[in-house]
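Read the structure below first, then the notes.
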Amino acid sequence: MKSTIISSLALLTTAASAISLPNSNFGWKRPCSQAEVALATGIHLNIQGQYSEYNGTLKTEQVEQAHPSGPTPDFYLAKGMLQSDIQEGMNLRLFNQQIAPPGNPAIPGLAQYETAQQTEKNQVNGLTGTYATDKPTFDMLKTEIMNGIQLNENNLKAAVSECDFTLKFPPANEQALG
Numbered sequence: 001m002k003s004t005i006i007s008s009l010a011l012l013t014t015a016a017s018a019i020s021l022p023n024s025n026f027g028w029k030r031p032c033s034q035a036e037v038a039l040a041t042g043i044h045l046n047i048q049g050q051y052s053e054y055n056g057t058l059k060t061e062q063v064e065q066a067h068p069s070g071p072t073p074d075f076y077l078a079k080g081m082l083q084s085d086i087q088e089g090m091n092l093r094l095f096n097q098q099i100a101p102p103g104n105p106a107i108p109g110l111a112q113y114e115t116a117q118q119t120e121k122n123q124v125n126g127l128t129g130t131y132a133t134d135k136p137t138f139d140m141l142k143t144e145i146m147n148g149i150q151l152n153e154n155n156l157k158a159a160v161s162e163c164d165f166t167l168k169f170p171p172a173n174e175q176a177l178g
């Protein structure tokens, strides 16, 4: 996972550096540094991961709805996959915090996201496998994940707000959002 992140960051950093506009007297912003591009890329990857968390939440909820009387092996599998998605997002966010250039405007938002992730992790850890008990948690998780996506979209804008970032990311994977 970490080598994939680093490879992605290196590739996108090189591509973005190559297409950044030069600094001039025409009011253009300075080109983004490699650290700013790497941070933006990492935040984009976090957004992608949040869609996996959302879809994992839907999957776990569907498993519980199919077996409302209590936990099944499928529930434990779905819950474990969701926990894994959340942990992967936490690892990536920590990496983003570590590579963020000092004073970058995204730093406060990353700290906010850290708190939200811990809340989500605790909620998922508390799922029981009984739909009547877990339904309010599922509803809250779906709302919180969507709010987290918005927070990270704002973090992405903030990460490159002081430089010219001309690279466009592919759209996020929004499959299963309805």
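Those letters in the sequence shown? Residues 1 to 178, per the UniProt record's numbering, in order.
C-beta: ideal position from N, C-alpha, C; glycine also.
Remember, it's a predicted structure, so these values are computed and weren't measured experimentally.
What span of residues does the alpha helix (DSSP H) with residue i cover, start to end?
| i | result |
| --- | --- |
| Asn-46 | 34-66 |
| Asn-122 | 107-125 |
For a quick check, are the C-beta atoms of residue i and residue j less than 8 angstroms apart?
| i | j | result |
| --- | --- | --- |
| Leu-151 | Thr-137 | no |
| Gln-117 | Met-140 | no |
| Ala-158 | Gly-103 | no |
| Asn-147 | Tyr-113 | no |
| Gly-42 | Ile-107 | no |
| Thr-57 | Ile-149 | no |
| Pro-105 | Glu-162 | yes |
Indicate the three-state DSSP secondary structure (helix, strand or coil) for residue i in the structure shown.
| i | result |
| --- | --- |
| Ser-161 | coil |
| Pro-71 | coil |
| Pro-136 | helix |
| Leu-82 | helix |
Skipping 5 residues on each side, what residues in its chain have a beta carbon closer than 6 angstroms to that of residue i?
| i | result |
| --- | --- |
| Glu-61 | Phe-138 |
| Val-160 | Cys-32, Glu-36 and Ala-40 |
| Pro-71 | Gly-129 |
| Ala-78 | Lys-59, Thr-60 and Val-63 |
| Asp-74 | Val-63 |
| His-67 | none |
| residue 182 | This structure cannot speak to residue 182, because the chain is shown only from 1 to 178. |
Whose C-beta lies closer than 7 angstroms to the C-beta of residue i among residues of the same chain, with five residues either side of it excluded?
| i | result |
| --- | --- |
| Gln-65 | Tyr-131 |
| Asn-46 | Gly-89, Leu-92, Arg-93, Asn-96 and Asn-152 |
| Gly-49 | Asp-85, Glu-88, Gly-89 and Leu-92 |
| Asp-134 | Glu-64, Leu-127 and Thr-128 |
| Lys-142 | Tyr-54 and Thr-57 |
| Ser-69 | none |
Whose C-beta lies closer than 8 angstroms to the C-beta of residue i among residues of the same chain, with five residues either side of it excluded?
| i | result |
| --- | --- |
| Gln-83 | Lys-121, Val-124 and Asn-125 |
| Pro-101 | Ser-33, Ala-35, Glu-36 and Leu-39 |
| Phe-26 | Per-residue confidence for Phe-26 stands at a pLDDT of 44, beneath the threshold of 50, marking its modelled position as unreliable; the derived number appears in the next sentence. None. |
| Tyr-76 | Gly-129 |
Does the CB of residue i have a neighbour CB from chain D at under 8 angstroms?
| i | result |
| --- | --- |
| Asn-147 | Reference to chain D is not applicable here, since this structure consists of a single protein chain. |
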